[in-house]
Amino acid sequence: MASWNLSSSQRAKDTINPIRETVATILLPTDFHLPTYSLALGDPSVFPDFAVNPIFTRIAQENLLSGTGNGYCLAAGPRPAREALARQFSYENIQLSWEDVILDIGGSGAIHTAMQVFLNPGDNILIPAPGFPLYKCMAGNLSAEARLYSLRPDHGWEIDFNDLDRLVDERTKLLVIINPSNPCGSVFTKEHLLEILDWAERHKICILADEVYTGMSYGKPHIPIGSLTDEVPVFTIGAMSKMYLVPGWRCGWLIVYDKHNKCAEFRDAILKVKNMLLHPAPFIANSIPAIIEQTPENYMSEVMQKVKERAELVYQKIQETPGLSMQMPEGALYCMISIDLEAFEDFGNSIIFAEKLAREQGVLVLPGESFMSHRAFRVVLCQSRAVLEECMDRIKNFAAAHHKK
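Residues in the sequence shown are numbered from 1 upward in steps of one, following UniProt numbering.
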């Protein structure tokens, strides 16, 4: 008699998101004698100081109640939304058309779409370490190789080009940059962006630019790499999630900067992929033009002032903490704190550090392993200043207790 012989696909088995796995294993104690806090959650909408602007919710509500978004729209998103984004992200050196903008199901969906059209099994993609782990996760899903290139923490987390040169070969299809950076909170200078474009031109490799945190800087201005490119095709990822603090709305986009139409085949391929999974919720996409038009002029500067104040608090506390160090962040919602593992008695990596910190101090952070770096941890800068100060004091006490005497 035949028996059931069931097994999930190899593709599913190769799809590993280290953030989700880490969050599931490092838990705050339920019986801790003090309030417990998370500095791990990268969802700004759950923190009162970063609540969504009521203008945005009113616009979305009006679009929902109008009934115009109840049906399907173009697979790559409704034209008015794409036109509005094309206007917003055109620059002096390059003017976009609405067809250069493809809407997707969040920034994650846009990343997946881009990687699907570029990567065949056995190809490779260059991704930063530390960096956002979804690129490595999706490369595994597509039977491609994620090659990790180093960033230089002592130089503002800039790219180590010697490492890039070591990794690139004839099967390298994309260079991923994340600017502003999740998890590092760094922002690239114009000079460094031009160096990146020069490297990509020499190696004839397209750039996948993760700019989900576009405009979200406070140390130096964020410069989109699409505003600088001429010869190098740039595929830029963006989303409403962080720009408008609404990650649950699941609306992102892929913008093609290709002045000389070198990637015409990829444009067609993107539309084929989008015909399979379609678009974000139309009533959300239909809200984009009005949200862009009605966003208060000082909206982003006010958001980032709150982040800057928290970053300065964390930076000050880390200067007083033995065995830990950090670069002052300049953008996004995070900072990356380096651990001198040799300075401590019993930390072999950042996972052990985070596990013991949660257990002994009731503070949850994401270890560097979640971001392909075993000697650091990430702090989200969205908690209230009072909570953040309390957490940093606990981290200081924790580090002092475990530091080698």
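Here a beta-carbon is modelled for each residue, glycine too, at the ideal position from N, C-alpha and C.
Q.
Just list the residues that DSSP pairs N124 with in beta bridges.
A. E145, T172
Pick out whichever of P247, N179, N261, S241 has its Cα sitting closest to the Cα of P221. N179
- Which residues mark the beginning and the end of the alpha helix (DSSP H) in which S108 is found? 106-118
Original post:
W199 lies in the beta strand (DSSP E); which residues open and close that run?
Top reply: Where W199 is concerned, there is no enclosing beta strand (DSSP E), although the alpha helix (DSSP H) it sits in stretches over 190-203.
Nearest CA to the CA of P133: which residue from M372, L28, C391?
M372
Helix, strand or coil for M243? Go by DSSP, reduced to three states.
helix
Are the beta-carbon atoms belonging to E309 and K404 less than 9 Å from one another? no
Beta-ladder partner(s) of W253, from DSSP:
L103, G238
Which of helix, strand or coil does DSSP assign to R152? strand
Start and end of the alpha helix (DSSP H) containing Y299?
299-319
Buried versus exposed call for residue 413 [16 or more other C-beta atoms within 10 Å across all chains shown] | Because the chain in this structure spans residues 1 to 405, residue 413 falls outside the shown range and cannot be described.
Under the rule that 16 or more other beta-carbon atoms within 10 Å means buried, what is W4, buried or exposed?
exposed
Nearest to G107 (by Cα), restricted to the options F347, P329, D210: D210
In chain order, what residues of the same chain have a beta carbon less than 6 Å from the beta carbon of P233, not counting five sequence neighbours either side? C206, D258, K262, C263
Notebook entry, point to check: Is the stretch 19-31 in contact with the stretch 358-376, if contact means three or more CB pairs nearer than 8 Å?
Noted result: yes
Inset, instruction - Keeping to the same chain, check which residues put their C-beta closer than 7 Å to that of L39; ignore five residues upstream and five downstream. - result: V363, L364, V365, V379, V380, Q383, C391
Next on the checklist: So for I55, helix, strand or coil by DSSP?
Outcome noted: helix
**Request:** Can you check the stretch 315-388 for any alpha helix (DSSP H) of at least 4 residues that lies completely inside it and give the ranges in chain order?
**Result:** 350-361
_Under the three-state DSSP convention, the category C263 falls into_ = coil
K317 classed as buried or exposed, judged by whether at least 16 other C-beta atoms fall within 10 angstroms: buried
Can you confirm whether the stretch 107-116 touches the stretch 135-146 when touching is taken to mean that 3 or more C-beta pairs between the two stretches lie within less than 8 Å?
yes
Name the two residues that bound the continuous beta strand (DSSP E) containing A209.
206-210
What's the gap between the Cα of M216 and the Cα of A76? 26 Å
Task: DSSP state of S227 mapped onto helix, strand, coil - done: helix
Terminal residues of the continuous alpha helix (DSSP H) containing N162?
-> 161-167
Review point. Between P224, A200, P29, which lies nearest to Y91 when the distance is taken from Cα to Cα?
Key: P224
Which one of W199, G185, S181 has the shortest CA to CA distance from L175? W199
Quiz item: Which residue's Cα is closest to the Cα of F47: G185, V387, R394, A311?
Solution: V387
Measuring only the C-alpha atoms, how far is A84 from I291?
10 Å
*Measure the alpha-carbon distance for A285 versus G323 and round it to whole angstroms.*
47 Å
In whole angstroms, give me the CA-to-CA distance for L333 and I102.
25 Å
- Query: Going by other Cβ atoms of all chains shown within 10 Å of its Cβ, with 16 needed for buried, is M1 buried or exposed?
  - Reply: exposed
F50 and V303 - do their beta-carbons sit closer together than 9 Å?
yes
Within its chain, find whatever has a CB closer than 6 Å to the CB of F32; leave out the 5 residues flanking it on each side and keep chain order. G362
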